[in-house]
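Each residue of the sequence shown is one higher than the one before, counting from 1 in UniProt numbering.
Note that the Cβ used here is the ideal one computed from N, Cα and C, for glycine as well.
All figures in this text were calculated on a predicted structure; none of them were measured in a lab.
Only one structure is covered here, and it is reproduced in the block below.
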Amino acid sequence: ADKSRRDAGARQQWAQGDPEKAWPLNSLNGADRRSPGGAAEDEEAADAALGGPMSLEDVKYHLRTVLRLKRRVVELEGALDGREEQVAVLSDEFNRRAANLGARVAAA
1 ADKSRRDAGA RQQWAQGDPE KAWPLNSLNG ADRRSPGGAA EDEEAADAAL
51 GGPMSLEDVK YHLRTVLRLK RRVVELEGAL DGREEQVAVL SDEFNRRAAN
101 LGARVAAA
């Protein structure tokens with residue numbers, strides 16, 4: 001079982017070490033596995049590697065990755081909320097200036 005797991009790991013080429021660096025954003029959408037024509041390459045091999053039993057280290061690694069991604073989602077949601085507030089303030093300022101300009105043009 002250990003040998004088959006190592007073989008599957010070699011095919012899958014799991015990133016080892018720091019999960020922060022292991023999964024760049026473009027790998028989340030499969031961009032790293034796609035040819036210029038857009039066809040998925042070795043998709044069956046990747047699925048087969050995930051189909052077997054995982055070692056405890058693999059499970060821990062994946063859990064750390066999930067936790068890191070959850071933290072990143074919270075961080076991005078906070079940044080998005082801040083941008084939405086900024087857009088609202090700028091929209092209000094724009095509308096106020098447009099109304100002032102319209103009033104001056106109408107008065108002239």
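Rounded to whole angstroms, Arg71 and Arg97 show a C-alpha spacing of 39 Å. The straight-line gap separating the alpha-carbon atoms of Phe94 and Val73 is approximately 31 Å. For Asp92 and Leu69, the gap between their C-alpha atoms comes out near 34 Å.
Annotation for Ala79: the continuous alpha helix (DSSP H) segment containing it runs 56–107. In the structure shown, Gly52 falls within a coil segment according to DSSP collapsed to helix, strand and coil. Inter-residue distance for Leu67 and Val89 is about 34 Å (C-alpha atoms, whole angstroms).
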